[in-house]
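Final position of the sequence shown in our numbering is 225; the numbers increase by one with none missing.
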Amino acid sequence: MSDRLMLSCHVRGFHPLRMAGDWEKLVKLFPYSRLTRAPAYFRVHAIGFSEPVLVERAWEAPFDPVEAVKAAREAVHEDCAWQLECAWDLLQKTGEDWVLAPSPVSLWSFGPAFENELRDHLRIEFGLEHHFLPQPGDPLSLRAAQANLQSLMKLVRDIDEAFPLELRHLWSESGVNFADRLNRLYQSSTAGTQ
């Protein structure tokens with residue numbers, strides 16, 4: 032079973048008054064899927080994840096991120112979190128072929144009073160980490176994983192340039208070090224090609 036891969040960001044000088052501006056930067060720089068036909072969903076969570084969703088809106092594809100900015104500005108509270116469930120395009124295996132296809136992703140912004148164990152301010156849930164890892168026994172998966180990882184790293188660089196970050200952390204939900212796992216799989220994938 033594959034873990035979900037996530038990026039957590041702590042913004043230097045984070046303050047509830049900056050929350051909407053930081054959200055706007057994040058949703059405007061994200062590379063949304065051009066192939067998806069699925070709607071994008073915006074949700075407002077209050078107090079903690081155990082509470083019911085306060086607000087939910089949906090927009091048909093193609094999604095305009097300005098809509099998520101407007102919706103968030105209507106719900107600025109220290110104890111709220113905003114979630115945008117959308118998609119971006121990654122190489123994925125369909126049958127025997129690797130094709131560019133929409134992959135689900137969630138963008139998050141957390142108010143300082145929202146119950147959040149990590150205390151991160153911004154988070155991206157990239158979906159299942161196997162999209163970024165070469166698959167044993169499939170030599171074409173190495174190129175696909177490299178291309179997907181390049182997309183991920185470009186986004187991380189864009190975030191680094193857009194925000195004054197104190198900390199960013201790429202992690203998988205199991206707690207296994209993603210970089211170590213990637214290095215082991217890459218080494219085993221390339222060992223047979225040399």
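Even for Gly, the Cβ is constructed at its ideal location relative to N, Cα and C.
Here the structure is a predicted model, which means the values were calculated and not measured.
(1) Just verifying my parser: in three-state terms, what is the DSSP assignment at residue 135?
(2) Of the residues 96, 94 and 153, which one's Cα is nearest the Cα of residue 197?
(3) Does DSSP put residue 66 in a helix, a strand or coil?
(4) State whether the stretch 209 to 217 contacts the stretch 85 to 99, with contact taken as three or more CB pairs (one from each stretch) at a distance under 8 angstroms.
(5) What's the C-alpha gap between residue 160 and residue 105?
(6) I need the straight-line Cα distance from residue 129 to residue 173, nearest angstrom please.
(7) Is DSSP giving residue 52 helix, strand or coil here?
(8) I'd like to know whether the C-beta atoms of residue 193 and residue 56 end up nearer to each other than 7 angstroms.
(9) Go ahead and pull the three-state DSSP assignment for residue 98.
(10) To the nearest whole angstrom, what separates the beta carbons of residue 131 and residue 66, a pair I think is in contact under 8 angstroms?
On the basis of the supplied data:
(1) Within the sequence shown, numbered from 1, the residue matching residue 135 stands at position 104. Strand at residue 135.
(2) Locating residue 197 in the sequence shown gives position 166, where the first residue counts as 1. Nearest option by C-alpha distance: 153.
(3) Taking the first residue of the sequence shown as 1, we reach residue 66 at position 35. Note: residue 66 maps to coil in three-state DSSP.
(4) no
(5) As a first step, residue 160 must be located in the sequence shown, where it is residue number 129. As a first step, residue 105 must be located in the sequence shown, where it is residue number 74. Each residue's Cα considered, the two are about 33 angstroms apart.
(6) Translated into the one-based positions of the sequence shown, residue 129 becomes position 98. Translated into the one-based positions of the sequence shown, residue 173 becomes position 142. C-alpha separation (whole angstroms): 11 angstroms.
(7) Residue numbering aside, residue 52 sits at position 21 when the sequence shown is read from its first letter. Three-state DSSP puts residue 52 in a helix.
(8) If you number the sequence shown from 1, residue 193 lands on position 162. If you number the sequence shown from 1, residue 56 lands on position 25. Against a cut-off of 7 angstroms, the Cβ pair of residue 56 and residue 193 comes out as a contact.
(9) Locating residue 98 in the sequence shown gives position 67, counting from the first residue. Residue 98: helix per DSSP, three-state reduction.
(10) Residue mapping note: residue 131 aligns to position 100 of the sequence shown, counting from 1. Residue mapping note: residue 66 aligns to position 35 of the sequence shown, counting from 1. Yes, residue 131 and residue 66 are in contact; Cβ-Cβ is about 7 angstroms, under 8 angstroms.
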